[in-house]
Structures are given as structure tokens and as C-alpha cells.
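Numbering (this note's numbering), first residue to last: 6 to 172.
Worksheet: one structure, shown below.
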Amino acid sequence: MTPYQGYPSPEVDAAWAALYPYVEAAIPKSEAAKMANKTSPIPGDESNYFVIPEVFHTLHCLDTLRKALHPDYYNLTTADPPKLLFQPGHMDHCIDVIRQSLICSADVTPLVKIWDEERNRTLGRTDVVHECRDFSKIQQWAEAHHMQGSFDASVYLENDLNIPILY
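Here's what the structure looks like:
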């Protein structure tokens with residue numbers, strides 16, 4: 006088992022939290038201007054623009070689904086406003102985010118079957134070697150670009166990046 010599996014515990018929660026401690030990032034206007042999708046300047050820090058690397062959004066969604074499997078442990082109720090993340094609309098959003106991420110990354114590493122002497126049958130192996138990006142470098146970038154404070158979505162700022170909004 007990996008540190009991310011098993012019944013919820015402080016250790017499992019800490020392992021998940023360590024995957025994406027820096028979600029919201031600030032990038033300079035010069036970098037934002039190169040992006041395919043327009044983003045917003047950060048209120049109070051208008052020389053920087055708001056981004057969330059998709060991998061951290063996807064991890065947040067997967068972690069939210071993981072927690073939803075254990076409502077008693079996490080004391081979840083969808084009627085509680087702080088628990089809006091666990092309402093069906095957000096959960097459905099998270100399932101689709103994970104679907105999109107899987108299709109986009111499309112890991113084609115062959116999973117194999119090997120003979121298991123104890124069970125006297127062939128079993129699938131999921132502990133095979135994958136070709137991956139260096140996730141620690143992605144985390145280092147996120148830490149270096151971590152947005153200070155929170156993004157005030159109620160503030161309108163003119164965006165002069167001249168990038169079309171793509172949907």
C-alpha cells in the first residue's frame with residue numbers, strides 16, 4: 006500500500022496534503038500573455054496573474070472524492086456551508102475533472118499479469134514502472150509562485166492580455 010491508501014488517519018491526510026500545499030499561483034503578466042487561455046490579474050497585485058496548475062486542481066478533486074467516501078470520519082454533511090465541496094454538484098465536477106485529466110494524460114504504460122503462487126492464479130500488477138514527469142519539480146515551481154493571500158473574485162480588474170477566452 007502507498008501512504009495515500011487506507012482508512013483515513015492523520016498520516017494519510019498529511020500525505021495527501023503534502024501533494025498540493027501550494028495550489029494558487031501568481032505569474033507575471035509577461036508569462037500570462039503567452040498562455041492560450043486568458044486569466045485575471047490578482048487584486049492588490051495587478052502585475053501578477055492568477056493560475057492554478059491543473060494537476061493540483063485534479064489532486065484536490067481526487068482528495069475531495071476520497072474524503073467523501075468517509076463522511077463519518079470527516080464529519081461531513083452537505084447541509085453545512087463549510088462543506089460545500091461535498092455537495093453533488095461539486096462532486097460531479099470533480100469526477101469530470103479527473104476524467105478529463107486521465108484522457109489528456111492517457112498513460113499507456115502496459116499493466117501486466119503474473120502468476121501468484123499463493124493464490125494459484127494469474128493476478129494483475131499495478132506496481133509497474135511508468136514514464137512520468139518530475140512531480141517534485143512541479144511542486145517546486147508551485148511553491149516559488151505561490152500566491153500570497155487569497156484571490157478576491159468579487160473585484161473586477163480590466164484584463165489587457167488580448168488573449169481570446171477559449172471554452
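We put the beta carbon where it would ideally sit given N, CA and C, even for glycine.
If you're wondering where the values come from, they're calculated on a predicted model, not measured in any experiment.
Sequence-distant residues of the same chain with beta carbon closer than 8 Å to R104, five excluded per side: none
Check whether E99 and L70 have beta carbons under 7 Å apart: The displayed chain sequence assigns Cys, not Glu, to residue 99. In this structure, L70 lies closer than 7 Å to C99 by Cβ.
Closest Cα partner of S159 within the set Q10, G11, P48: Comparing Cα-Cα distances from S159 to each of Q10, G11, P48, the minimum goes to P48.
Beta-ladder partner(s) of H62, from DSSP: None; H62 has no bridge partner.
Expected contact under 8 Å - CB spacing of A31 and H150 to nearest Å: 6 Å between Cβ atoms; contact.
Rounded separation between A22 and Y9 - CA only: Those two C-alpha atoms are separated by around 10 Å.
Other residues of its chain near V60: CB distance less than 7 Å, five sequence neighbours each side excluded: Excluding sequence neighbours, V60 sits near I143.
With 16 other Cβ atoms within 10 Å as the buried cut-off, status of C66: buried
Exposure of N80, with buried meaning 16 or more beta-carbon neighbours within 10 Å: exposed
F55 - DSSP class collapsed to helix/strand/coil: strand
Where the beta strand (DSSP E) through L128 begins and ends: 126 to 130
Any chain D beta carbon closer than 7 Å to L67: Absent here is chain D; the protein component of the structure consists of one chain.
Q145 versus F55: straight-line alpha-carbon distance, rounded: 17 Å
Length of the line joining the Cα atoms of N125 and K118: 13 Å
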